[in-house]
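In our numbering, the protein residues as written are 1049 to 1413.
Note that beta-carbon positions come from the ideal geometry of N, C-alpha and C, so glycine has one too.
Remember, it's a predicted structure, so these values are computed and weren't measured experimentally.
Structure record follows, encoded as structure tokens.
What follows is the structure, given as structure tokens:
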């Protein structure tokens, strides 16, 4: 009897394996994972060279993992087993503390931080040195900065990062903002900070650069849930966030230009709020070059901001004080293109990036 049961079990497993294998091959590939907010792997190119060096099998494995049937369901099952059955504190470096989803950012890479500083210094030497521009930098701490070490997760010495940048960026003035932030200023399911929580950060940055901010804003909460990038990576159901953005009549007269398309746009792209990444509501997301011209600014000064995605929600809060803000993302543009958008003279220049980008060896390649 036992032998018969074993045979039936083996046959059932074989049948399931055969069904899933056939399903993988006949079902259309899924292009995008809405839960993980990323493009899924496509079937790799097959050649003698790619087979010989092992790249084909490596890419094929990633492809089959991404395209496996019921992938999200299996991801959720795996996460539930990690947290609830095995009692593990994280799943694929993602964890939950008091409703906030964080991700382990570890270990510290001095190579990455110095590479980031090298990129900023290269821009400084090529375009800014010898001008009357005033140059500043600020560091946006990741959520792991607030959650990691005190909850027993591996975390690097952020002080070491700050000291390394202070040494490497000696021609720039540092503006401290970490002391104004807490985990409550970030979305629970996402990596980014909430715009409505950083008006004080914007004021400190402005005051440090010699301008002031006095405008009051009206908060508008976008209808619908916001499932941030960490939500998909966690693989378990949690309560979504909502996105709130700050409005002011001065935005209506601003001319916002997307220099990738040459077209004007709005400070807030409400269509993007309905898309794959609702955070792209702020300045339409990852665009390499944007200018905001404000005819009603309190000064005739210009700000040049080198930023990552955190700058998308910050930049509108600085519009009041600058007649023109040029927003550049050095990760997505060739350095020689910077001179196409800016002639550096006597602007304020702000380099503002998150610790996650600064500690990423591929960010500025």
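**Report entry** Segment contact flag, the stretch 1300-1314 with the stretch 1254-1272, C-beta cutoff 8 Å, min 3 pairs
**Finding:** no
Query raised in the report: residue 1229 and residue 1144: beta carbons closer than 8 Å?
Result: Along the chain shown, one-based indexing puts residue 1229 at 181. Along the chain shown, one-based indexing puts residue 1144 at 96. It is not a contact, given that the beta carbons lie outside the stated cut-off.
Query raised in the report: For residue 1364 versus residue 1299, is the C-beta spacing smaller than 8 Å?
Result: Start at 1 with the first residue of the chain shown, and residue 1364 comes out as number 316. Start at 1 with the first residue of the chain shown, and residue 1299 comes out as number 251. In this structure, residue 1299 lies closer than 8 Å to residue 1364 by Cβ.
Query raised in the report: Would the beta-carbon of residue 1313 fall within 8 Å of that of residue 1334?
Result: Start at 1 with the first residue of the chain shown, and residue 1313 comes out as number 265. Start at 1 with the first residue of the chain shown, and residue 1334 comes out as number 286. Against a cut-off of 8 Å, the Cβ pair of residue 1334 and residue 1313 comes out as no contact.
**Report entry** Burial state of residue 1217, where buried means 16 or more other Cβ atoms lie within 10 Å
**Finding:** Counted from its first residue, the chain shown places residue 1217 at position 169. It is buried - the Cβ of residue 1217 has at least 16 other Cβ atoms within 10 Å.
Query raised in the report: Taking DSSP as the reference, what is the three-state secondary structure of residue 1139?
Result: Position 91 of the chain shown, counted from the first residue, corresponds to residue 1139. The answer is strand: DSSP assigns residue 1139 an E or B state.
**Report entry** Burial state of residue 1237 (16 or more Cβ within 10 Å)
**Finding:** As a working note, residue 1237 is residue 189 in the chain shown. With 16 or more Cβ atoms within 10 Å of its Cβ, residue 1237 is classed as buried.
Report task. Mind reading off the beta-carbon distance from residue 1186 to residue 1400? Whole number of angstroms is fine, and I expect it under 8 Å. Result -> By one-based count along the chain shown, residue 1186 stands at place 138. By one-based count along the chain shown, residue 1400 stands at place 352. About 5 Å separates the two Cβ atoms, so the contact holds.
Query - Member of 1154, 1412 and 1212 whose CA lies at the smallest distance from the CA of residue 1197 - result: If you number the chain shown from 1, residue 1197 lands on position 149. Nearest of 1154, 1412 and 1212 to residue 1197, Cα basis: 1154.
Query - Alpha-carbon spacing of residue 1413 relative to residue 1212, whole angstroms - result: Counting from one through the chain shown, the residue named residue 1413 turns up at place 365. Counting from one through the chain shown, the residue named residue 1212 turns up at place 164. Roughly 19 Å separates the two Cα atoms.
Query raised in the report: From residue 1247 to residue 1175, what does the alpha carbon distance come to, in whole angstroms?
Result: Mapped onto the chain shown, residue 1247 falls at position 199. Mapped onto the chain shown, residue 1175 falls at position 127. Whole-angstrom Cα-Cα distance: 30 Å.
Requested in this report: Tell me where the alpha helix (DSSP H) around residue 1171 begins and ends.
Outcome: Here residue 1171 refers to the residue found at position 123 of the chain shown. Going by DSSP, residue 1171 is part of the alpha helix (DSSP H) stretching over 1158-1171.
Requested in this report: List the residues that DSSP assigns as beta-bridge partners of residue 1396.
Outcome: Taking the chain shown and counting its residues from 1, the one referred to as residue 1396 is at position 348. Paired residues: 1182 and 1351.
Report task. Could you check if residue 1345 is buried or exposed, using at least 16 other CB atoms within 10 Å of its CB as the buried criterion? Result -> Taking the first residue of the chain shown as position 1, residue 1345 is located at position 297. Label assigned to residue 1345: buried.
Query raised in the report: Once you ignore the five residues that flank residue 1148 on each side, which residues in its own chain have a CB closer than 8 Å to its CB?
Result: Along the chain shown, one-based indexing puts residue 1148 at 100. Once the five neighbours on either side are set aside, the close Cβ partners of residue 1148 are 1191, 1195, 1231, 1234 and 1236.
Requested in this report: Indicate whether residue 1290 and residue 1269 have their beta-carbon atoms separated by less than 8 Å.
Outcome: One-based indexing of the chain shown puts residue 1290 at position 242. One-based indexing of the chain shown puts residue 1269 at position 221. Yes, Cβ-Cβ distance for residue 1290 and residue 1269 is below 8 Å.
Requested in this report: To the nearest angstrom, report how far apart residue 1351 and residue 1280 are at their CA atoms.
Outcome: The residue labelled residue 1351 in the question sits at position 303 within the chain shown. The residue labelled residue 1280 in the question sits at position 232 within the chain shown. Residue 1351 and residue 1280: Cα-Cα distance of roughly 36 Å.
Query raised in the report: Are there 16 or more other CB atoms within 10 angstroms of the CB of residue 1159, so buried, or fewer, so exposed?
Result: To locate residue 1159, count along the chain shown from 1; it is residue 111. Residue 1159 is exposed by the Cβ-count criterion.
Query - Closest residue to residue 1096 among 1090, 1359 and 1105 (Cα-Cα distance) - result: Within the chain shown, residue 1096 is the residue found at index 48, counting from 1. Nearest of 1090, 1359 and 1105 to residue 1096, Cα basis: 1105.
Report task. Using the Cα positions of residue 1223 and residue 1090, report the straight-line distance between them to the nearest angstrom. Result -> Within the chain shown, the letter at position 175 stands for residue 1223. Within the chain shown, the letter at position 42 stands for residue 1090. One C-alpha to the other measures close to 43 Å.
**Report entry** Euclidean distance between Cα positions of residue 1370 and residue 1337
**Finding:** The sequence position of residue 1370 within the chain shown is 322, counting from 1. The sequence position of residue 1337 within the chain shown is 289, counting from 1. Each residue's alpha carbon lies about 17 Å from the other.
Query - Start-end ranges of the beta strand (DSSP E) lying completely within the stretch 1311-1362, minimum 3 residues - result: 1311-1313, 1337-1341 and 1350-1355
Requested in this report: Out of 1294, 1341 and 1397, point me to the one whose CA is closest to residue 1318's CA.
Outcome: Working through the chain shown from its first residue, we reach residue 1318 at position 270. Its Cα nearest to that of residue 1318, the residue 1294 stands out among 1294, 1341 and 1397.
Query raised in the report: Which of the three DSSP states, helix, strand or coil, is assigned to residue 1265?
Result: Position 217 of the chain shown, counted from the start, is the residue given in the question as residue 1265. Looking at residue 1265 - three-state DSSP - the assignment turns out to be coil, as it is neither helix nor strand.
Query raised in the report: If you run the structure through DSSP and keep just helix, strand and coil, what is residue 1256?
Result: Reading the chain shown from its first residue, position 208 is the one you call residue 1256. The answer is helix: DSSP assigns residue 1256 an H, G or I state.
Query raised in the report: Exposed or buried, residue 1361, counting other C-beta atoms within 10 Å across all chains shown (16 or more means buried)?
Result: As a position in the chain shown, residue 1361 is number 313, starting the count at 1. By the neighbour-count definition (other C-beta atoms within 10 Å, threshold 16), residue 1361 is a buried residue.
Query raised in the report: What residue from 1182, 1386 and 1201 has the CA that sits closest to residue 1394's CA?
Result: Within the chain shown, the letter at position 346 stands for residue 1394. Nearest option by C-alpha distance: 1182.
**Report entry** Start-to-end residues for the beta strand (DSSP E) that takes in residue 1294
**Finding:** One-based indexing of the chain shown puts residue 1294 at position 246. Following the DSSP letters along the chain, one finds residue 1294 inside the beta strand (DSSP E) bounded by residues 1292-1295.
Report task. Using beta-carbon positions only, say whether residue 1292 and residue 1243 come within less than 8 Å of one another. Result -> Locating residue 1292 in the chain shown gives position 244, counting from the first residue. Locating residue 1243 in the chain shown gives position 195, counting from the first residue. Result yes, Cβ atoms of residue 1292 and residue 1243 sit closer than 8 Å.
Report task. With a threshold of 16 other CB atoms inside 10 Å of the CB of residue 1177, please say whether the residue is buried or exposed. Result -> Reading the chain shown from its first residue, position 129 is the one you call residue 1177. Exposed.
Query - Between the CA atoms of residue 1383 and residue 1278 - distance to the nearest angstrom - result: For the purposes of this step, residue 1278 is identified with residue 230 of the chain shown, where counting begins at 1. For the purposes of this step, residue 1383 is identified with residue 335 of the chain shown, where counting begins at 1. The alpha-carbon atoms of residue 1278 and residue 1383 are separated by roughly 31 Å.
Query raised in the report: Taking just the CA atoms, how far does residue 1297 sit from residue 1404?
Result: Residue mapping note: residue 1404 aligns to position 356 of the chain shown, counting from 1. Residue mapping note: residue 1297 aligns to position 249 of the chain shown, counting from 1. CA-CA distance, residue 1404 to residue 1297, rounds to 34 Å.
Query raised in the report: If you draw a straight line from the C-alpha of residue 1408 to the C-alpha of residue 1163, how long is it?
Result: Here the question's residue 1408 lines up with position 360 in the chain shown. Here the question's residue 1163 lines up with position 115 in the chain shown. Approximately 9 Å, taken between the alpha carbons.
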